[in-house]
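Residue numbers (my numbering), protein chains in the order written: chain A, 5 to 210; chain B, 2 to 381. C-beta atoms are modelled at their ideal positions from N, C-alpha and C, and glycine is treated no differently. One structure is given below, encoded as structure tokens.
Printed below as a string of structure tokens:
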């Protein structure tokens, strides 16, 4: 239905304001999306702008199903190739671009919020490195399944896995987080700081 | 905890109309979580209400454990109910709401206190015990509602659309909690829902219903990957399966007056027998799109593109049919672009045009593949 509506839209060309609580509708139909809560506009932008560069943690959480993971991380050290974080109860070395490096340098605090999508969490074979945790819940949804993990640090992480894999509750698990599309937010005001990949092609409108 | 068996369960409201529930056969194992899934009016809530004893039975049997409960008063059936509209008693604290039923059954004070504490810990509502319902959030009320159903330690837990009116975020959160709870407690549970994602996420097996009749009863992945008929195929999956009519013409499957054209091979012929038309079903992820022709592909023009963040959906129109495909976000397509579509045989579902039944390989069809005969002992 939504796709057909979009098909028609191109032919109609009428100025339209479309109100919805469904982020898929907003992204599909809108030339631009205005994200609103508590009577305030949080962000206005093209759908991909709002999805890949959300102005705040709140905006990030409104787009994507399952919801984006937002985890507090502490910067321990940094050199030109990588940043060492303490995240999810463990030490993590993430390679980031120079821009990100400079941004982190300019922060007045060493704590930051890291956002990563469930699709960017990879479940590793047992015994390998990565983050550690225990399966809290496993929900098959057809093409994919949602895995909820209790990390050793105590935070809950959601991962999206292929439907042919099954996981028992309380099973120990190793996982990694792709550094491809991390979004960094300020710890205090939850505002967007940067994202780890800045490729132009993410912003072309189809 | 006990098993629940429904045998030819039937509900007729007036003889002039088809039955609301028509000869339903369902055997639910001890500790199993079953979802009754279907659109409004399919008979799922009526079924639940008959199991609860809130609706009279026209015909058939309901057994809890091995006990026939058709004529047993609701309070003595060993069922616990959590309804959509919770109706918690406003003047009573949560603690007393939970205790109410136990008191009414003459359970002694010490035992009541013990069970309330236990269930509060299980459902993580300990800090709510001394609050009144009016200050609780929807999610908290929902958990208290379930706790009240569970505190009597029912043989079977019945949940009637417990999440349907909660906002999306809370619904997903509580869905995870209910799944976790069941993994820990293994209550025999029936949930009624119209939300297919909820049914698949929570249930050990899903009973799909339509117009009072059972369509299929199997594990979520089986119902999703091998739907028994067109109705089940179209009901499960988001985005939904593309289902459309095609005709056989000169050794090919075509949508008349369009560019859609699939060559007939042994795989398809075995299933089609001598049919001249068929309903084809293909999930959006099963459609392969390429900018250049590949073997077995046919041409089409993109009429709509949806960029949805980590996923892109592309629509190609063939006459009345808009074929939707889901592709990884790394491939970029434009509306108006000419592309080539192809499918894997295994991803193609075929349904009889008249009955809607799934067409399987007529030479090799095995009874063991039929869902009614599937062995589910492994679920215990």
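Going by DSSP, residue 178 of chain A is part of the beta strand (DSSP E) stretching over 176–181.
Apart from sequence neighbours up to five positions away, the residues of its chain that approach residue 200 of chain B with a beta-carbon distance below 6 angstroms are 36, 38, 194 and 207, ordered along the chain. Inclusion of residue 53 of chain B and residue 75 of chain B in the CB contact set at 7 angstroms is warranted, their separation being smaller than that value.
Against residue 123 of chain A, the close residues of chain B are 311, in the order they occur along the chain (beta-carbon pairs closer than 8 angstroms).
Residue 243 of chain B is a Cβ neighbour of residue 283 of chain B, given a cutoff of 7 angstroms.
Neighbours of residue 55 of chain A in chain B, taken as residues at a C-beta separation under 9 angstroms, are given in chain order as 308, 309, 310 and 311.
For the region 105–121 of chain B, the beta-carbon criterion of a distance under 8 angstroms to any beta-carbon of chain A is satisfied by none of its residues. In summary, the residues of the region 159–176 of chain B whose CB is separated from some CB of chain A by less than 8 angstroms are 168, 169, 170, 173 and 176, in the order they occur in the chain. Taken in chain order, the complete alpha helix (DSSP H) segments of 4 residues or longer contained in the region 267–300 of chain B are 267–273.
Annotated as proximal: residue 126 of chain B and residue 144 of chain B, with beta-carbon spacing under 7 angstroms.
Using a Cβ-Cβ distance cut-off of 8 angstroms, the region 228–245 of chain B and the region 82–89 of chain B are not in contact, since fewer than three pairs of beta carbons, one from each stretch, lie closer than that value.
Note on geometry: alpha-carbon atoms of residue 131 of chain B and residue 104 of chain B lie some 18 angstroms from one another. Listed by position along chain A, the residues whose Cβ is nearer than 7 angstroms to that of residue 234 of chain B form an empty set, because the closest Cβ is around 12 angstroms away. Contacts with chain B at 7 angstroms (Cβ-Cβ) include residue 144 of chain A.
Following the DSSP letters along the chain, one finds residue 136 of chain A inside the beta strand (DSSP E) bounded by residues 135–144. Straight-line spacing of the CA atoms in residue 263 of chain B and residue 247 of chain B works out to 10 angstroms.
With fewer than 16 neighbouring CB atoms inside 10 Å of its own CB, residue 106 of chain B falls in the exposed class.
If one requires a minimum length of 4 residues, the alpha helix (DSSP H) runs lying completely within the region 22–71 of chain A are 27–33, 51–56 and 61–66, in chain order. For residue 173 of chain A, at least one C-beta of chain B is nearer than 7 angstroms to its own C-beta. Using a CB distance cut-off of 7 angstroms, residue 18 of chain A does not count as an interface residue toward chain B. For residue 73 of chain A, no alpha helix (DSSP H) encloses it; the enclosing beta strand (DSSP E) starts and ends at 73–82. Contact annotation for residue 31 of chain A against chain B: 307, 308, 309 and 310 [CB-CB distance below 8 angstroms, chain order]. For residue 141 of chain A, the nearest beta carbon of chain B is closer than 7 angstroms to its own beta carbon.
Collapsing the DSSP output to three states places residue 181 of chain B in a helix. By the beta-carbon neighbour count (other beta carbons within 10 angstroms, threshold 16), residue 218 of chain B is buried.
In its chain, beyond the 5 residues on either side, 149 and 150 have a beta carbon closer than 7 angstroms to the beta carbon of residue 143 of chain A. With a threshold of 16 other beta carbon atoms within 10 Å, residue 23 of chain B meets it and is buried.
If the five residues before and after residue 30 of chain A are omitted, its C-beta is found closer than 6 angstroms to the C-beta atoms of 24 and 37, all from its own chain and listed in chain order.
For the region 67–88 of chain A, the residues whose beta carbon sits under 9 angstroms from a beta carbon of chain B are, in order, 67, 68, 69, 70 and 71. Proximity of the region 335–352 of chain B to the region 32–47 of chain A falls short of the contact definition, fewer than three beta-carbon pairs being nearer than 8 angstroms. Contact between the region 42–62 of chain A and the region 184–203 of chain A is present: three or more C-beta pairs spanning the two stretches fall below 8 angstroms. Note that the region 116–123 of chain A touches the region 161–171 of chain A; at least 3 beta-carbon pairs, one per stretch, sit closer than 8 angstroms. Cβ contact annotation for residue 252 of chain B (same chain, cutoff 8 angstroms, sequence separation greater than five): 264 and 265, in chain order. Excluding five sequence positions before and after residue 81 of chain A, the CB atoms of its chain that fall closer than 8 angstroms to its own CB belong to 87 and 88, given in chain order.
Three or more Cβ pairs closer than 8 angstroms define a contact, and the region 346–356 of chain B meets that threshold against the region 275–291 of chain B. Here DSSP, grouped into helix, strand and coil, assigns residue 196 of chain B to coil.
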